[in-house]
Amino acid sequence: MNQPLKLKAKDYKSEVKPIWCPGCGHYSVLSAITKAFAGLGIARDDTVLVSGIGCSSRLPAYVDSYGFHGVHGRGLAIAQGLKVARPDLTVLALGGDGDGFSIGGNHFLHACRRNVNITYIAMDNEVYGMTKGQASPTTPEDWDHSKLTPHGPGVRPFKPAALALAAGAPWIARGYSGNPNQMARLIAEAIEHPGFSFLHVLSQCITFCPEQTDWKSIVSERDEPALSDADVAASLFHHEDGLQTGLLYASPRNAWPGPQAKVQSADISEGFRL
Amino acid sequence: MSKEQLGQFLAHSVELESEARERYLELSEAMAEHNNKEVAEFFGRMADESRLHLEEVAEIAEQHDLPDLKAWEFNWPEEESPETASYEAVHYRMTLRQAMLLALDNERAAERFYRSFADSSQDAQTRRLAAQFSAEEASHAAHLVKWLGKLPADPEHPLEEDDPPHMPE
Chain A
17 MNQPLKLKAK DYKSEVKPIW CPGCGHYSVL SAITKAFAGL GIARDDTVLV
67 SGIGCSSRLP AYVDSYGFHG VHGRGLAIAQ GLKVARPDLT VLALGGDGDG
117 FSIGGNHFLH ACRRNVNITY IAMDNEVYGM TKGQASPTTP EDWDHSKLTP
167 HGPGVRPFKP AALALAAGAP WIARGYSGNP NQMARLIAEA IEHPGFSFLH
217 VLSQCITFCP EQTDWKSIVS ERDEPALSDA DVAASLFHHE DGLQTGLLYA
267 SPRNAWPGPQ AKVQSADISE GFRL
Chain B
6 MSKEQLGQFL AHSVELESEA RERYLELSEA MAEHNNKEVA EFFGRMADES
56 RLHLEEVAEI AEQHDLPDLK AWEFNWPEEE SPETASYEAV HYRMTLRQAM
106 LLALDNERAA ERFYRSFADS SQDAQTRRLA AQFSAEEASH AAHLVKWLGK
156 LPADPEHPLE EDDPPHMPE
């Protein structure tokens, strides 16, 4: 019997070519996702990428798998519904900092709390890039590059890892677009984690935040084991500079829905019948 | 042990050349999309060069048992394989000179990587192949230096926009 051909990372890329700016960190996330899929040997038709709106949310089109380019901020809601209906699939939700922490902020909190077995990759460039450079929930307080906030947003940026922890996320990691191989490993681990996994990616925007190219010299890998004590992790997330990468926190708990609440597609169809 | 060393070396070599080609292709397509035709053509040419080198390395590798490594299991001197253009180093307004300097850095990094095996491997075949690959990368670098010498100087602020992309009030 013939062995199935082992797919390489490039085999997971679709025919659609990205239109991101050259130098955009999202290319690196695309590369890391395809490397993770190749490393895990995941079948393309067992995988679904769901996104919201924004530059980063274009990503599902560039991967040769099933994909859903959803509504702004609602990628997580769609991804969770899909996973509950089809637990056999590998489901990844994707989006940017505006999509995930502002417009979809409430979905983010409840996805962390609910703990459906999906992976959420938030590509954080601290700016709304697609609409040409407005401040987002993670923009630094004094970022004055936009004419809409000429003196900076003047409010403290969100700390995504701290938010995720407070809302109950059992698996929290941070990657960086300058290190796609580490990111690929983190994505593979996130997919294998049996519950909600949140990967916060520092993904530079070369166009509206050119200063982020400096991340290359200041981002570092955290060389300690992942924390499992939420109190210790909370202290870390509140006091760190947000530039350490790696698996930061892992404290597995039962995913939702539990095994006793198996949902069939037919049940869902019945439930939605008008 | 020597077979293992050779297998590891060839696995790294194939990945290095393959990643270099993929990244140059990606950059070429991205630059074409952003109307930087000169740089798009240059990166396209570098992708072709990398493909030729990849074919040469892959042909040698086919005759040996290579370990099946995942992307994060390769042992590179830095975050990515040495000949892969870093995402931080490119910009849609970069000039041909900047693109060539980036490619030169990549060739020299690959040359150093191969030379480290040529200098330190305990396996004779690995040392021989590494010296051959290193010399090839050095010759690519020398070509780039020659081309760079023929280019006119860049404008003073090549990345500055005539019409900045920020939205007016």
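Line by line, the protein sequences are chains A and B.
When we follow the numbering used here, the leftmost residue of the first sequence carries the number 17, and every step to the right adds one.
When we follow the numbering used here, the leftmost residue of the second sequence carries the number 6, and every step to the right adds one.
From the three backbone atoms N, C-alpha and C, an ideal C-beta is built for every residue, glycine too.
Every value quoted in this text rests on a predicted model; they were computed, and no experiment measured them.
Pairwise C-alpha distance: residue j and residue i
{"i": "E116 of chain B", "j": "E142 of chain B", "result": "5 Å"}
{"i": "P196 of chain A", "j": "A282 of chain A", "result": "40 Å"}
{"i": "S23 of chain B", "j": "E61 of chain B", "result": "11 Å"}
{"i": "S152 of chain A", "j": "F138 of chain B", "result": "47 Å"}
{"i": "I188 of chain A", "j": "L263 of chain A", "result": "6 Å"}
{"i": "G145 of chain A", "j": "M36 of chain B", "result": "18 Å"}
{"i": "S285 of chain A", "j": "R172 of chain A", "result": "44 Å"}
{"i": "R132 of chain B", "j": "R120 of chain B", "result": "9 Å"}
{"i": "R26 of chain B", "j": "A158 of chain B", "result": "28 Å"}
{"i": "N41 of chain B", "j": "T223 of chain A", "result": "15 Å"}
{"i": "C291 of chain A", "j": "G168 of chain A", "result": "No answer is possible for residue 291 of chain A: it lies beyond the span of chain A, which begins at 17 and ends at 290."}
{"i": "K8 of chain B", "j": "P210 of chain A", "result": "39 Å"}
{"i": "K148 of chain A", "j": "V100 of chain A", "result": "36 Å"}
{"i": "R130 of chain A", "j": "A108 of chain B", "result": "47 Å"}
{"i": "Q130 of chain B", "j": "I65 of chain B", "result": "11 Å"}
{"i": "A16 of chain B", "j": "M105 of chain B", "result": "27 Å"}
{"i": "S126 of chain B", "j": "A76 of chain B", "result": "23 Å"}
{"i": "K175 of chain A", "j": "D245 of chain A", "result": "18 Å"}
{"i": "E38 of chain B", "j": "L243 of chain A", "result": "43 Å"}
{"i": "I35 of chain A", "j": "S162 of chain A", "result": "23 Å"}
Beta-carbon contacts of residue i that lie in its chain and below 7 Å, excluding the five residues immediately before and after
{"i": "V235 of chain A", "result": "Y192, G194, L218, L259 and T261"}
{"i": "L92 of chain A", "result": "A109, G120, H123, F124, A127 and Y136"}
{"i": "E205 of chain A", "result": "L263"}
{"i": "E78 of chain B", "result": "none"}
{"i": "W272 of chain A", "result": "R130, N131 and V132"}
Assigned exposure category for residue i - 16 Cβ within 10 Å defines buried
{"i": "L156 of chain B", "result": "exposed"}
{"i": "E20 of chain B", "result": "buried"}
{"i": "D113 of chain A", "result": "buried"}
{"i": "D140 of chain A", "result": "buried"}
{"i": "R190 of chain A", "result": "buried"}
{"i": "N133 of chain A", "result": "buried"}
{"i": "R269 of chain A", "result": "exposed"}
{"i": "V45 of chain A", "result": "buried"}
{"i": "T100 of chain B", "result": "buried"}
{"i": "G170 of chain A", "result": "exposed"}
{"i": "D8 of chain A", "result": "In this structure chain A extends from 17 to 290, so residue 8 of chain A is not present and cannot be described."}
{"i": "L57 of chain B", "result": "exposed"}
{"i": "H255 of chain A", "result": "exposed"}
{"i": "G111 of chain A", "result": "buried"}
{"i": "L32 of chain B", "result": "buried"}
{"i": "G274 of chain A", "result": "exposed"}
{"i": "L21 of chain A", "result": "exposed"}
Test: residue i CB closer than 8 Å to a CB of chain B
{"i": "Q198 of chain A", "result": "yes"}
{"i": "Y43 of chain A", "result": "yes"}
{"i": "G39 of chain A", "result": "yes"}
{"i": "N141 of chain A", "result": "no"}
{"i": "G238 of chain A", "result": "Reading off the sequence, residue 238 of chain A comes out as Arg, not Gly. No, R238 of chain A does not count as interfacial toward chain B."}
{"i": "S118 of chain A", "result": "no"}
{"i": "G194 of chain A", "result": "yes"}
{"i": "S30 of chain A", "result": "no"}
{"i": "P34 of chain A", "result": "yes"}
{"i": "T261 of chain A", "result": "no"}
{"i": "T155 of chain A", "result": "no"}
Nonlocal neighbours in the same chain, by C-beta distance under 8 Å from residue i, ignoring five residues either side
{"i": "R289 of chain A", "result": "none"}
{"i": "R56 of chain A", "result": "Checking the sequence shown, residue 56 of chain A turns out to be Leu, not Arg. Hits under 8 Å: A204, I207 and E208."}
{"i": "S47 of chain A", "result": "A25, P196 and A200"}
{"i": "E157 of chain A", "result": "G168, P169, G170, V171, R172 and P173"}
{"i": "R90 of chain A", "result": "G68, G120 and H123"}
Chain-ordered neighbours of residue i on chain C, where CB pairs are closer than 8 Å
{"i": "W152 of chain B", "result": "Among the protein chains of the structure shown, namely A and B, there is no chain C."}
The ligand PLP heavy atom lying under 7 Å from the CB of residue i
{"i": "G168 of chain A", "result": "What this structure holds is no ligand at all, so the ligand PLP is not there to describe."}
Own chain partners of residue i with C-beta closer than 6 Å, once the 5 adjacent residues on each side are dropped
{"i": "H145 of chain B", "result": "E112"}
{"i": "P87 of chain B", "result": "A114, A115 and F118"}
{"i": "V87 of chain A", "result": "none"}
{"i": "A25 of chain A", "result": "T50, K51 and A54"}
{"i": "A135 of chain B", "result": "Y119, F122 and A123"}
{"i": "A77 of chain A", "result": "V32"}
{"i": "V107 of chain A", "result": "V64, A95, L98, K99 and I134"}
Closer than 8 Å to chain A by CB, residue i
{"i": "E161 of chain B", "result": "no"}
{"i": "K8 of chain B", "result": "no"}
{"i": "S18 of chain B", "result": "no"}
{"i": "K75 of chain B", "result": "yes"}
{"i": "V62 of chain B", "result": "no"}
{"i": "L101 of chain B", "result": "no"}
{"i": "L15 of chain B", "result": "no"}
Three-pair Cβ contact test at 8 Å for the region 63–75 of chain B versus the region 8–16 of chain B
yes
Tell me whether the region 37–55 of chain A and the region 90–105 of chain B touch, counting them as touching only if at least three CB pairs, one residue from each stretch, are closer than 8 Å.
yes
Does the count of Cβ pairs from the region 41–58 of chain B and the region 75–85 of chain B closer than 8 Å reach three?
no
Three Cβ pairs or more, each shorter than 8 Å: is that satisfied between the region 198–209 of chain A and the region 50–66 of chain A?
yes
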